[in-house]
Amino acid sequence: MEGMSAQGPAAPNSTALDPKIAARLKRNDEGLVPAIVQQHDTREVLMMGWMDDEALHLTLTTGRCTFWSRSRKEYWIKGETSGHSQWVKSAALDCDGDVVLVQVDQVGAACHTGDRTCWDADDLGAVVGSRPE
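Quick note on the working numbering: the sequence shown kicks off at 60 and runs consecutively.
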């Protein structure tokens, strides 16, 4: 992506991310937070990706989900090559500041396999419990 460094995630203070948001983030040792992506109208969970401060800043200011690829060591915009875009409707931090929830309007598949979501494939067979009376 033009104008973006592929050298590594941005340091916490090297971005234009609002300092109030940056101060609330609890990053892992790589400076990243997980971002859960959800369809805004159906609440369907689509995928999870990693964001650093710069990726979150770009997501909030461009309206397109931007992630940090840990394997490729570069930023990527969802749909930039596939055409399966995520148009941001809202974003929020959880109560601990260690997970971002991005609600989007998903165009096409969210998963790199071509499935609608990254959770389409396998049911792990969890025992379905009922709440005690």
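Heads up, the beta-carbon is just placed ideally off N, CA and C, and yes, glycines get one too. Everything numeric in this text was worked out from a predicted model, so none of it was measured.
For K148, the enclosing beta strand (DSSP E) covers residues Q145 to L152. Spatial neighbours of A169 in its own chain (CB-CB distance under 6 Å, excluding positions within 5 residues in sequence) are listed in chain order as L105, M106 and T176. For A94, the enclosing beta strand (DSSP E) begins and ends at V92 to Q98.
A Cβ-Cβ distance of about 6 Å is found for the pair D112 and A81, placing them in contact under the 8 Å criterion.
Shown here, E113 sits in a helix according to DSSP, grouped into three states. Taking the CA atoms as reference points, T118 sits about 8 Å from F126. CA-to-CA, the gap between L84 and G108 works out to about 16 Å. Using a 10 angstroms sphere on the CB of L183, the tally of other CB atoms stays under 16, which defines it as exposed.
Taking 8 Å as the upper bound for CB-CB distance, V163 and W135 are not in contact here, some 15 Å apart.
E192 has its alpha-carbon roughly 45 Å from the corresponding atom of H143. Exclusion of the five residues before and after T140 leaves no residue of its chain whose Cβ lies closer than 6 Å to its Cβ.
Residue range V159 to Q165 is occupied by the beta strand (DSSP E) that includes L160.
The residues W146 and V147, in chain order, have a CB closer than 8 Å to that of G122 in the same chain once the five nearest residues on each side in sequence are set aside.
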